[in-house]
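Asks: Submitted below is the structure of interest, expressed as structure tokens.
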Amino acid sequence: MSLELKNITKCYGKKTVLDDLELTLEEGKIYGLVGRNGAGKTTMLSIASAQNPATKGEVLLSGETIWENQKALDQICFSREIINEANNTTSALKVKEYLRMAGMLFPYWDKEMADRLVEEFELDEKQKLIKLSKGMQSMVTIIVALASKAKYTFLDEPAAGLDVVARENFYRILLDEYSESGRTFVISTHIIEEASDVFEEVLFLNKGKIMLKENTEELLSRCIHVSGRAEDVDEIAKGKKAFHPEKIGRSKGITLMLDKGEAFDKEGKDVEVSPLNLQDIFVALCGKEEKL
Amino acid sequence: MKEILTQEKSIYIQIAEMIENDILRDVILEEERAPSTNELAKLYVINPATAAKGINLLVDKGILYKKRGVGMFVESGAKERIKEGRKAEFYERFVKSLLKEAKSLGIGKAELIHMIEEER
Amino acid sequence: MREGTKRLLKCDLMFVFKDIWVWFLVVAGLQIWFYLFYNTVANAALLISFVVGVCLLSTSVKDWQAQIRMYVSAGISRKGIFQVLLIRNTALLLTGLLIEAVMVFAFYPELGIKFLAVSGIYMLFVWGFGETAGVMVYQRKKLGMFLTVIGYILTMIPCSFSFFSEGQADFWMVLLREIPLTAVFVMGALAVAVLAGSICFARKHMGKYMVY
């Protein structure tokens, strides 16, 4: 079973948010979805869960379109931010009522798990959603996502409003559920660094396309930062994928992306080689482009 | 167990090293059960696939072995094997770079040995 | 009925009952107030008409404001949602008419069918009106909110008249007695057309509903 996004294009009016996007999500992985503001992360997730129609293209689950297909939709949960705009009916609900409603709507709902998580996050069930802080609202969204038990579960910026302790807690609970059930999770985040160890694969969304989809560990191992005398660095970078050059006087630094399986060779040059973290790689790849 | 992970090295290598450290310090004894993939994943908040990669590294090195349905266990003689591996690594990482640095500073071999002997 | 649709219907009824209950309390409160201060008792059959009408209006608008969004987010197919909304509104309308029928035949047997027909027409109108207003609210058109307010005012008129008149000499009763059958038929046809039009309109927008 895999979820495929085929030639997805999405336009809001004249603005093209997703541009002929192709993506296959295999079962049983935690994906990290990373992209800049307005890159189309939320749009992509909402199309992949049939909450929004695509302008062009289709989404397939095991080869069947998910659009208006209840059987496929039962396997997918995209737990969205609760409060946005004038959605006053939902926000007037109490946590308890909201979860009860979710329990009625999701076919594989795990009530026991929802109750346990409410306790773990120390949420007051009698509180109205609108009165909750941003972080607590995120927790409710997280609870719905996890307890939905859907094969494919999407979370949009779940960590954004959470404090450090709650964030660590969330990742732990997520991993726990993941190793127990083998569900597929796609999690979008801006806080890349602390989440990178959780993701088996990362998806970089840039300019409406999936720019990169790769095993996190492999990506980290083939991206390096090389610095030294400009001539030496240029020599080494020749013929390689190079990003994000920075120059100070005679010295130059550059991010290199080696081919899969390629070993790095200094070619006898006196240059400094250092590893990069996911955030550096993201900035190098998706940051403002500079001319080499 | 539970050291802090750094960004300098691949996570799975760090996981393997930490298990090795525990074996060296007798925190985990030979023929004893080593932590499982899921335990490691939860403890360090990392993806289970990464943790599994670290464990497989140790299996390939002949330090851990799998008992069907029970989990991962430490091979007998693992401690010795780790020590040997670490010695080779010690030479590569420290001695070689020590010599290189000494050379660039113009410190001769005799002087270097003298320095080591002075250090207590 | 499909399993997903059943699940949704259950959840949806929970929400609607809350709404009906609120409107029921409002009307009951008004009735008590009028009885205590003006010593008038409103026509119960008309009140039921009003409660059902206002519920149809408010739920139709609310569907488009929030409920549909919630259901789509929870992974229910648009077709299923649309079905449930139709079933629910029809059920609401029929239940209202049924209760009304009991009262009408008890108090005004001579008006019987005519009373129910006009009442039914009124409900169909309100429903159609609410559905269209709701879609426009969803589209974020100013006209949507405007229509909603107009809808509430129009819905309340028949009710307010019945509060201020006395029993048999009720304004609406007199009107009902006088009104020719052809007029009822014309109104009926018009109401069906309005509702059918707005349901088609709603279905078209439901088919490509987007969670913002």
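Chains as they are written, first to last, in numbering that gives the first Met the number 0: chain A, 0 to 291; chain B, 0 to 119; chain C, 0 to 211.
No residue lacks a Cβ here, since even glycine has one placed at the ideal position from N, Cα and C.
Fair warning: this is a prediction, and the values are worked out from it, not measured in the lab.
(1) Chain B partners of Val-197(A), CB-CB under 7 Å?
(2) Is the segment 148-156 of chain A close to the segment 179-195 of chain A, with three or more CB pairs under 8 Å?
(3) Using C-beta distances below 6 Å, list every residue in its chain close to Ala-158(A), excluding the 5 sequence neighbours before and after it, in chain order.
(4) So, is the C-beta of Leu-84(C) closer than 9 Å to a C-beta in chain A?
(5) So, using beta-carbon positions, are Pro-295(A) and Glu-2(C) closer together than 9 Å?
(6) Determine the chain C residues that contact Met-135(A) at a beta-carbon separation under 9 Å, and present them in chain order.
(7) Name the chain B residues whose beta carbon is nearer than 7 Å to that of Leu-145(A)?
(8) Rank Glu-177(C), Arg-68(C), Leu-45(C), Glu-99(C) by C-alpha distance to the C-alpha of Leu-84(C) and give the top, closest one.
(9) In terms of residue numbering, what span does the beta strand (DSSP E) encompassing Met-71(B) cover?
(10) If the cut is a Cβ gap below 8 Å, which residues of chain C does Asp-73(A) touch?
(11) Is it right to say Gln-66(C) is buried, meaning 16 or more other beta carbons lie within 10 angstroms of its own, or is it exposed?
(12) Check the Cβ of Lys-41(B) against every Cβ in chain A and list those closer than 8 Å, keeping chain order.
(13) From Met-0(A) to Arg-99(A), what distance separates their C-alpha atoms?
(14) Between Phe-77(A) and Ile-75(C), what straight-line distance do the alpha-carbon atoms span, to the nearest angstrom?
(15) From Ala-201(C) to Leu-56(C), what distance separates their C-alpha atoms?
(16) Does the beta carbon of Pro-274(A) come closer than 9 Å to any beta carbon on chain B?
(17) Lys-86(B): buried (16+ other C-beta within 10 angstroms of its C-beta) or exposed?
(18) Quick check on the burial criterion: 16 or more other C-beta atoms within 10 angstroms. Buried or exposed for Ser-75(B)?
(19) Should Lys-8(B) be flagged as near chain A, meaning a C-beta pair shorter than 9 Å?
(20) Measure the CB-CB distance between Ser-90(A) and Lys-127(A) and report whether it falls below 9 Å.
(21) Can you pull the chain A neighbours of Val-71(C), defined as C-beta to C-beta under 7 Å?
(22) Report the rounded CA-to-CA distance for Thr-131(C) versus Val-191(C), giving the unit in angstroms.
(23) If you measure from the beta carbon of Asn-37(B) to each beta carbon in chain A, is any gap under 9 Å?
(24) Give the DSSP-derived three-state secondary structure of Ala-158(A) in the structure shown.
(25) Pull up the distance between the alpha-carbon of Ala-109(B) and that of Ser-195(A), whole angstroms please.
(26) For Leu-7(C), decide whether its Cβ has a neighbour in chain A, counting only Cβ atoms nearer than 9 Å.
(27) How is Arg-77(C) classed by DSSP in three states: helix, strand or coil?
(28) Give a yes or no on whether the minimum CB-CB distance between Met-13(C) and chain A is below 9 Å.
(29) Ordered along the chain, which non-local residues of its own chain (more than five positions away) have a Cβ less than 7 Å from that of Phe-160(C)?
(30) Less than 8 Å between the CB of Asn-6(A) and some heavy atom of the ligand ZN, yes or no?
(31) Among Lys-13(A), Lys-93(A), Leu-20(A), which one has its Cα closest to the Cα of Phe-203(A)?
(32) Do Pro-157(C) and Leu-8(C) have their beta-carbon atoms positioned less than 9 Å apart in this structure?
(33) Cβ closer than 7 Å: which chain A residues qualify as neighbours of Tyr-11(B)?
(34) Counting pairs of beta carbons, one from the segment 82-96 of chain C and one from the segment 175-190 of chain C, are three or more of them closer than 8 Å?
(35) From what residue to what residue does the beta strand (DSSP E) around Ile-75(A) run?
(36) How about Lys-65(B): is its C-beta nearer than 9 Å to some C-beta of chain A?
Replies: Walking through what the data contain:
(1) Position 198 of the first sequence, counted from the start, is the residue given in the question as residue 197(A). Contact annotation for Val-197(A) against chain B: Val-44, Ile-45, Asn-46 [CB-CB distance below 7 Å, chain order].
(2) Verdict: yes, contact present.
(3) The residue labelled residue 158(A) in the question sits at position 159 within the first sequence. A distance below 6 Å between beta-carbons, with the five flanking residues on each side excluded, links Ala-158(A) to the following residues of its chain, in chain order: Arg-166, Thr-188, Ile-190.
(4) Taking the third sequence and counting its residues from 1, the one referred to as residue 84(C) is at position 85. Under the Cβ criterion of 9 Å, Leu-84(C) is not counted among the residues facing chain A.
(5) Residue 295(A) lies beyond the residue range present for chain A, which begins at 0 and ends at 291; the question has no answer from this structure.
(6) For the purposes of this step, residue 135(A) is identified with residue 136 of the first sequence, where counting begins at 1. Within chain C, no residue has its beta carbon less than 9 Å from that of Met-135(A); the closest one is some 19 Å off.
(7) Mapped onto the first sequence, residue 145(A) falls at position 146. Here the premise fails: no neighbours, minimum Cβ distance about 15 Å.
(8) Numbered from 1 along the third sequence, position 85 holds the residue referred to as residue 84(C). Just measuring C-alpha positions, the residue of Glu-177(C), Arg-68(C), Leu-45(C), Glu-99(C) sitting nearest Leu-84(C) is Arg-68(C).
(9) Taking the first residue of the second sequence as position 1, residue 71(B) is located at position 72. From DSSP, the beta strand (DSSP E) with Met-71(B) extends over 70-73.
(10) By 1-based counting over the first sequence, the position of residue 73(A) is 74. Neighbours of Asp-73(A) across chain C, judged by C-beta separation under 8 Å: Gly-3, Gly-74.
(11) To locate residue 66(C), count along the third sequence from 1; it is residue 67. For Gln-66(C), the number of other beta carbons within 10 angstroms of its own is at least 16, and it is reported as buried.
(12) Here residue 41(B) refers to the residue found at position 42 when the second sequence is read from its first residue. By Cβ distance, chain A contributes Arg-171, Leu-174, Asp-175, Ser-178.
(13) Along the first sequence, read from residue 1 onward, the residue named residue 0(A) stands at position 1. Along the first sequence, read from residue 1 onward, the residue named residue 99(A) stands at position 100. Cα atoms of Met-0(A) and Arg-99(A): separation of roughly 29 Å, rounded to the nearest angstrom.
(14) Locating residue 77(A) in the first sequence gives position 78, counting from the first residue. Locating residue 75(C) in the third sequence gives position 76, counting from the first residue. Between Phe-77(A) and Ile-75(C), the alpha-carbon positions lie close to 12 Å from each other.
(15) Taking the first residue of the third sequence as position 1, residue 201(C) is located at position 202. Taking the first residue of the third sequence as position 1, residue 56(C) is located at position 57. Each residue's alpha carbon lies about 14 Å from the other.
(16) Taking the first sequence and counting its residues from 1, the one referred to as residue 274(A) is at position 275. Taking Cβ atoms only, chain B reaches closer than 9 Å to Pro-274(A), which makes this a yes.
(17) Residue 86(B) sits at position 87 when you count from the first residue of the second sequence. Answer is exposed; the Cβ neighbour count stays below 16.
(18) Reading the second sequence from its first residue, position 76 is the one you call residue 75(B). The residue is exposed, with fewer than 16 neighbouring Cβ atoms inside 10 Å.
(19) What you label residue 8(B) is simply residue 9 of the second sequence in a count that begins at 1. Yes, Lys-8(B) counts as interfacial toward chain A.
(20) Position 91 of the first sequence, counted from the start, is the residue given in the question as residue 90(A). Position 128 of the first sequence, counted from the start, is the residue given in the question as residue 127(A). Yes, the pair counts as a contact, with Cβ atoms nearer than the cut-off.
(21) In the third sequence, counting from the first residue as 1, residue 71(C) sits at position 72. Near Val-71(C) (Cβ distances below 7 Å), the residues of chain A are Gln-50.
(22) As a first step, residue 131(C) is located in the third sequence; it is residue number 132 there, counting from the start. As a first step, residue 191(C) is located in the third sequence; it is residue number 192 there, counting from the start. Cα to Cα, Thr-131(C) sits roughly 14 Å from Val-191(C).
(23) Within the second sequence, residue 37(B) is the residue found at index 38, counting from 1. At a cut-off of 9 Å between C-beta atoms, Asn-37(B) counts as an interface residue with respect to chain A.
(24) Taking the first sequence and counting its residues from 1, one reaches residue 158(A) at position 159. Here Ala-158(A) sits in coil by DSSP.
(25) Counted from its first residue, the second sequence places residue 109(B) at position 110. Counted from its first residue, the first sequence places residue 195(A) at position 196. Whole-angstrom Cα-Cα distance: 48 Å.
(26) Position 8 of the third sequence, counted from the first residue, corresponds to residue 7(C). Closer than 9 Å to some Cβ of chain A, the Cβ of Leu-7(C) qualifies, so yes.
(27) Your numbering for residue 77(C) matches position 78 in the third sequence. If DSSP states are grouped into helix, strand and coil, Arg-77(C) belongs with the helices.
(28) Counting from one through the third sequence, the residue named residue 13(C) turns up at place 14. For Met-13(C), the answer is yes, since a Cβ of chain A falls inside 9 Å of its Cβ.
(29) Here the question's residue 160(C) lines up with position 161 in the third sequence. Excluding sequence positions up to five before and after Phe-160(C), its CB lies within less than 7 Å of the CB of Phe-170, Trp-171, all in the same chain and listed in chain order.
(30) This structure does not include the ligand ZN; it has no bound ligands of any sort.
(31) Counting from 1 along the first sequence, the entry for residue 203(A) is found at position 204. The option with the nearest alpha carbon to Phe-203(A) is Leu-20(A).
(32) Within the third sequence, numbered from 1, the residue matching residue 8(C) stands at position 9. Within the third sequence, numbered from 1, the residue matching residue 157(C) stands at position 158. No, the Cβ-Cβ distance between Leu-8(C) and Pro-157(C) is not below 9 Å.
(33) Numbered from its first residue, the second sequence carries residue 11(B) at position 12. Ordered by position in chain A, the residues that pass the 7 Å Cβ test against Tyr-11(B) are Glu-216.
(34) No, the segment 82-96 of chain C is not in contact with the segment 175-190 of chain C.
(35) The residue given as residue 75(A) occupies position 76 in the first sequence. For Ile-75(A), the uninterrupted beta strand (DSSP E) segment begins and ends at 75-78.
(36) Mapped onto the second sequence, residue 65(B) falls at position 66. The C-beta of Lys-65(B) comes no closer than 9 Å to any C-beta of chain A.
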